[in-house]
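See structure below.
Number of protein chains: 2
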Amino acid sequence: MLHEEVVGRVRAMLLDGEIPPGARIPERDLCEKLQISRTPLREALKVLAAEGLVQLLPNRGSRAARLTDKDMRDLFEVCQGLEALAGELACERITDAEISDVADAHAAMVRHYGDRDLLQYYRCNRFIHEAIIAAAGNPVLSGLYESVTARIRRARYVTPMTPRRWALAVQEHEAILNALQRRDGVGLSHILRAHLRHKREEVMQAGFAETAPLEQARAS
Amino acid sequence: MLHEEVVGRVRAMLLDGEIPPGARIPERDLCEKLQISRTPLREALKVLAAEGLVQLLPNRGSRAARLTDKDMRDLFEVCQGLEALAGELACERITDAEISDVADAHAAMVRHYGDRDLLQYYRCNRFIHEAIIAAAGNPVLSGLYESVTARIRRARYVTPMTPRRWALAVQEHEAILNALQRRDGVGLSHILRAHLRHKREEVMQAGFAETAPLEQARAS
DNA sequence: CTAGCCATTTTTGAATTCAAATTGGATCGT
DNA sequence: ACGATCCAATTTGAATTCAAAAATGGCTAG
């Protein structure tokens, strides 16, 4: 197994919650689960610690990082900034074909909204946002965006969505597509910022913070 | 030596150019220079690779990453986005005392401009930008900014500055301080974007890209 | 019966060891 | 003499081993 693969596997376990936030990570167990020795696993853990997904405690091993309300706010704020930037750049660089792809995804998303199919709605939603990032043609930006969104994804897609919020989100997405088609970079960046701000308010209000998960439930 | 210390030492060597861009990194040599074994060094290299400072070649070791023109453009663009975001947030959160610090640094910077003391000018310049980032009160943002600026720092501060450009930069900094004192977030973010765009044009025009460093000069 | 202390065990951190891949050079063939 | 191929030596990647730190459990004393 390649180094990057180990990092990817462990990252997925953290993001999927297979290793829950705050849980200790016993190297030995993970090693045999992944069928590797401790050396490559420890390399991966250090990389993930630098990404903010893992917390290293000197001489006491590592834990899955836990997001506080503040962390969540900070991540959303940065995400807002990155998407706004991506929106501006995308309007300068996106091709007609790419706009067409986004329009298709948007149409599909609106259909799923009509069906109240939240899962498929989110799939299209995510595709659209990622397409805008990709259209910015800036790998540094893409990398940071990927890293930031990965950490808030669960919160973003698990928070219950009220009919009121959902309708607003769809409306905002109409504006997003519109600005993109007009290649109105400044307009798009404003809409994206507002869109993310609303999403953040939604998530923060739901109080998703990964606080105090109790070290471990102990069977008595 | 602690893990983070190893990462820091090697990062410094890369950023200072002690290990020049494109140079191969012989693990063995670095190990004895740092007085550690290969295991912790390799952990550090993988972390630095994730940061984009080191390029890992499977089964062929690692090299100090080399920035192309495109990389430089991408990094500056992201930096622009981050500073713009920080500017907006800072205007909401900065204290009067912090504004006062920035004003002092600005005054000192203008004096150094008058003396044509580029080194001291840059010191104040950097302090101001970092103070704005810090005032945003967002550690995620600070971390990304630190990582991005570190990679372009040499280009940013080594590019020769024409009198024309320098005067413009000082003028822009006047506007930056002014917007900050008025707590005009939108205005500040616009000025910062323009400021960074000009800096980027300056650097890109100077053609700083770290291209073709010749594998190694060979004494015949 | 509880609290505090010490020995044991477990787990982490790092050096060493071992295997695999690559590189450079030498030999052989054309 | 030139080129291809094979072998040795170096270097990388990962497992194992060793040492140090922390957690655990038991023991004794109050």
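Here the protein sequences come in this chain order: A and B.
First residue of the first sequence? That's 1 in my numbering, and the numbers climb one at a time after it.
First residue of the second sequence? That's 1001 in my numbering, and the numbers climb one at a time after it.
All C-beta atoms in this analysis are idealised placements derived from N, C-alpha and C, irrespective of residue type, glycine included.
Nothing here was measured: the structure is a model prediction, and the numbers come from that model.
For a cut-off of 8 angstroms, the C-beta gap from residue 1172 (chain B) to residue 1194 (chain B) is around 7 angstroms, short enough to register as a contact. Put simply, the segment 185-200 of chain A does not touch the segment 1007-1026 of chain B. Fewer than three CB pairs are less than 8 angstroms apart. Under the 8 angstroms criterion on CB atoms, residue 1146 (chain B) is classed as non-interfacial with respect to chain A.
Across the segment 1106-1136 of chain B, CB contacts with chain A closer than 9 angstroms involve 1136, in sequence order along the chain. Residues of chain A whose Cβ lies closer than 7 angstroms to the Cβ of residue 1042 (chain B) are, in chain order, 43. For residue 74 (chain A), the nearest beta carbon of chain B is closer than 8 angstroms to its own beta carbon. The segment 175-217 of chain A contains, as complete alpha helix (DSSP H) runs of 4+ residues, the segments 185-206 (chain order).
Rounded to whole angstroms, the separation of the alpha carbons of residue 1032 (chain B) and residue 81 (chain A) is 43 angstroms. Think of a sphere of 9 angstroms around the beta carbon of residue 1139 (chain B): the chain A residues whose beta carbon falls inside it are 70, 71 and 74, in chain order. Closer than 8 angstroms to the CB of residue 1196 (chain B) there is not a single CB belonging to chain A. Between the segment 1112-1131 of chain B and the segment 49-59 of chain A, the count of Cβ pairs shorter than 8 angstroms is below three; the stretches do not touch. Among the residues of chain B, none has a CB under 7 angstroms from the CB of residue 203 (chain A); the nearest is roughly 15 angstroms distant. One Cα belongs to residue 1086 (chain B), the other to residue 146 (chain A), and the distance between them is close to 20 angstroms. With a beta-carbon spacing of about 45 angstroms, residue 89 (chain A) and residue 59 (chain A) fall beyond the 8 angstroms limit used to define contacts.
Taking 8 angstroms as the upper bound for CB-CB distance, residue 1189 (chain B) and residue 1084 (chain B) are in contact here, some 4 angstroms apart.
Rounded to the nearest angstrom, the gap between the Cα atoms of residue 1065 (chain B) and residue 133 (chain A) is 24 angstroms.
Around the CB of residue 1185 (chain B), 16 or more other CB atoms lie within 10 Å, so the residue is classed as buried. Counting along the chain, no alpha helix (DSSP H) covers residue 1065 (chain B), and no H or E run does either.
Minimum Cα-Cα distance from residue 1036 (chain B) among the listed residues B:1182, B:1153 and B:1003 corresponds to B:1003. Selection A:100, A:111 and A:151 evaluated against residue 67 (chain A) yields A:151 as nearest (Cα-Cα). With its beta carbon less than 8 angstroms from one in chain B, residue 3 (chain A) belongs to the interface.
Per DSSP, residue 56 (chain A) is one residue of the beta strand (DSSP E) stretching across 54-56.
Classified as buried, residue 1043 (chain B) has 16 or more neighbouring CB atoms from the shown chains inside 10 Å of its CB.
In terms of beta-carbon proximity, residue 1186 (chain B) stays away from the interface with chain A, with every pair separated by 8 angstroms or more. Chain-order list of chain B residues neighbouring residue 82 (chain A): 1081, by C-beta distance under 7 angstroms. Annotation: the segment 56-138 of chain A contains the following complete segments of the beta strand (DSSP E) (minimum length 3 residues), in chain order: 62-64. Interface residue (Cβ-Cβ distance to chain B less than 8 angstroms): residue 77 (chain A) is classified as such.
Taking a beta-carbon distance threshold of 8 angstroms, residue 85 (chain A) counts as an interface residue toward chain B. Using beta-carbon distances, residue 103 (chain A) does not count as an interface residue toward chain B, since no partner is under 8 angstroms.
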